[in-house]
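Q: For what it's worth, the numbering used here labels the leading residue of the sequence shown as 0, then goes sequentially. The structure is given below, and queries will be raised subsequently.
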Amino acid sequence: MAEEIPPTFEREQSFSQAEWQRALPGAVRDHALDLPAPGEAIVSIGAGRMHLSWTMLPPRRMGLVQLPRMQVRYRFDGVDAEARQAFMRYFDLYTRRGGG
Numbered sequence: 000m001a002e003e004i005p006p007t008f009e010r011e012q013s014f015s016q017a018e019w020q021r022a023l024p025g026a027v028r029d030h031a032l033d034l035p036a037p038g039e040a041i042v043s044i045g046a047g048r049m050h051l052s053w054t055m056l057p058p059r060r061m062g063l064v065q066l067p068r069m070q071v072r073y074r075f076d077g078v079d080a081e082a083r084q085a086f087m088r089y090f091d092l093y094t095r096r097g098g099g
């Protein structure tokens, strides 16, 4: 059984601002995407919406390797559990960054 996606949650993601902006249109697939302000996105999912907001964090350093980091807040409004699950299954696959 798949993990239930709560209506609101946060994640740390390893993306630069530019990489995240390039990934979003593909990650939301055929859903309408609006970028109303820097660090914000709204995705239409059926009659509901998912609000994304993000802030950049200091990079993670491992020896000589430096990885970009951002804190992303996900908030679903008017999106039922089944639709959240389906949306996030594709979104997560699209934004997966190797490793595993």
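C-beta atoms are modelled at their ideal positions from N, C-alpha and C, and glycine is treated no differently.
1. Between which two residues does the beta strand (DSSP E) harbouring P58 extend?
2. Can you tell me where the beta strand (DSSP E) holding A80 begins and where it ends?
3. Starting from the C-beta of V27, find all residues in its chain whose C-beta is less than 6 Å away, skip the five residues before and the five after it, and write them out in chain order.
4. Roughly how many angstroms lie between the CA atoms of Q70 and A22, to the nearest whole one?
5. Identify the continuous beta strand (DSSP E) that holds E2 and give its terminal residues.
6. Would you call F8 buried or exposed, if buried means 16 or more other Cβ atoms sit within 10 Å of its Cβ?
7. What would DSSP say about P67, mapped onto helix, strand or coil?
8. Report yes or no: do three or more beta-carbon pairs, one from the segment 78-92 and one from the segment 54-62, lie closer than 8 Å?
9. In chain order, what residues of the same chain lie with their CB nearer than 6 Å to the CB of P6, ignoring the 5 residues before and after it?
A: So, to answer that:
1. Position 59 of the sequence shown, counted from the first residue, corresponds to residue 58. 47-61 is the extent of the beta strand (DSSP E) around P58.
2. Your numbering for residue 80 matches position 81 in the sequence shown. Careful: A80 lies outside any beta strand (DSSP E), inside the alpha helix (DSSP H) at 80-94.
3. As a first step, residue 27 is located in the sequence shown; it is residue number 28 there, counting from the start. Answer for V27: V42, listed in chain order.
4. For this step, residue 70 is matched to residue 71 along the sequence shown. For this step, residue 22 is matched to residue 23 along the sequence shown. In this structure, the straight-line span from the alpha carbon of Q70 to that of A22 is close to 16 Å.
5. Along the sequence shown, one-based indexing puts residue 2 at 3. Where E2 is concerned, there is no enclosing beta strand (DSSP E), given that its DSSP letter is neither H nor E.
6. Within the sequence shown, the letter at position 9 stands for residue 8. Burial check for F8: the Cβ neighbour count within 10 Å stays below 16, so the residue is exposed.
7. The sequence position of residue 67 within the sequence shown is 68, counting from 1. Three-state result, P67: strand.
8. With a cut-off of 8 Å, the segment 54-62 and the segment 78-92 do not count as touching, because too few Cβ pairs lie within range.
9. As a working mapping, residue 6 is identified with position 7 in the sequence shown. Correct list, in chain order: F75.
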